[in-house]
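See below for the structure under consideration.
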Amino acid sequence: RKEVEQDPGPFNVPEGATVAFNCTYSNSASQSFFWYRQDCRKEPKLLMSVYSSGNEDGRFTAQLNRASQYISLLIRDSKLSDSATYLCVVFSGNTPLVFGKGTRLSVIA
Amino acid sequence: GAGVSQSPSNKVTEKGKDVELRCDPISGHTALYWYRQSLGQGLEFLIYFQGNSAPDKSGLPSDRFSAERTGGSVSTLTIQRTQQEDSAVYLCASSLLGISYEQYFGPGTRLTVT
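So, in structure tokens, the structure goes:
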């Protein structure tokens, strides 16, 4: 099993839709979790950290399920500008961050 | 303020040549990372510098790859005797403290080995 796995997509959704991505991780000792966003031919940028209790930032909600070892990202009211690749990132302590390959989202007018 | 900068933005080189890629991290950031990203692939960790500690070189794919960080700031990634499979975007990132903190990425250097 890969350390961090994501559905590569693409997810093609209409504007205004709600879309959710999951990411599974294999190391049960993983400590910190993040979602990064990467636009086409650009560098990744932090979207949000993922906290144990779940957290929300505007239209974006991140959840962590330690028992099942997955994190999720929910985007409500999708905008055209949300089109990007979303990278799941896991930190397991004293090891480099592990990046998933990303899930590609296309929001269509 | 200024973000992470990298140079050159693009580099085309012939197979067998050596290349040097440069990264200027955000001022005051103690941690610096190098990654590479091949087309359609995820980020592959290469090397990590944290303060004055010995770097974590566990991600370097071969002994043709090396990196330095001088004075705790600027870093140079060197690839000797480049091969076509080295073609990728090389991304540098820095973070304020350790490895669990938010990483800020530079725009990358697109390396093409012909």
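Listed in order, the protein sequences are those of chains P and C. According to this note's numbering, the residues represented by the first sequence are 739 to 847, in order. According to this note's numbering, the residues represented by the second sequence are 2 to 115, in order. Glycine included, every Cβ here is placed at the ideal spot set by N, Cα and C.
Span of the beta strand (DSSP E), counted from its first residue to its last, around residue i
i	result
N11(C)	11–14
T31(C)	Note, T31(C): premise wrong, no beta strand (DSSP E); not H, not E.
N760(P)	757–763
N750(P)	749–752
T841(P)	841–846
G91(C)	In the sequence under discussion, the amino acid at residue 91(C) is Tyr, which differs from the Gly named in the question. Start and end: 89–96.
R111(C)	110–114
Y49(C)	44–51
R70(C)	66–70
Q744(P)	742–744
Q85(C)	Premise fails: Q85(C) is in no beta strand (DSSP E) and is neither H nor E.
Cβ neighbour criterion (16 or more within 10 Å) applied to residue i
i	result
D64(C)	exposed
R842(P)	buried
T110(C)	buried
I48(C)	buried
L40(C)	exposed
S10(C)	exposed
L22(C)	buried
L92(C)	buried
P26(C)	buried
R775(P)	buried
Rounded distance between the beta-carbons of residue j and residue i, thought under 8 Å
i	j	result
V788(P)	F771(P)	4 Å
G838(P)	G43(C)	6 Å
S845(P)	E753(P)	A small fix is needed here, since residue 845(P) is Val in this sequence, not Ser. The Cβ separation is near 6 Å, so the contact holds.
Q38(C)	G107(C)	In fact, because the Cβ distance is near 12 Å, the residues do not count as touching under 8 Å.
F798(P)	L785(P)	7 Å
V13(C)	T77(C)	Between T77(C) and V13(C) the Cβ distance is about 19 Å, and since that is not below 8 Å, they are no contact.
Residues in the segment 770–788 of chain P having any Cβ partner in chain C nearer than 8 Å: Cβ proximity to chain C below 8 Å picks out S770, F772, K780, E781, P782, K783, L784, S787 from the segment 770–788 of chain P.
Every unbroken beta strand (DSSP E) inside the segment 775–833 of chain P [3 residues or more]: Within the segment 775–833 of chain P, the complete beta strand (DSSP E) runs of at least 3 residues fall at 782–788, 793–795, 798–803, 808–813, 822–829.
Interface positions of the segment 816–839 of chain P facing chain C (Cβ-Cβ less than 9 Å), listed along the chain: Residues passing the 9 Å Cβ filter: L825, V827, F829, G831, N832, T833, P834, L835, V836, F837, G838, K839.
Contact set between the segment 39–59 of chain C and chain P, restricted to residues whose Cβ is under 7 Å from the partner: Taking 7 Å as the upper bound on Cβ-Cβ separation, chain P lies near residues Q42, G43, L44, F46, Y49, D57 of the segment 39–59 of chain C.
Near-chain P residues of the segment 75–93 of chain C (beta-carbon distance less than 8 Å), N- to C-terminal order: Within the segment 75–93 of chain C, the residues whose Cβ lies closer than 8 Å to some Cβ of chain P are L92, listed in chain order.
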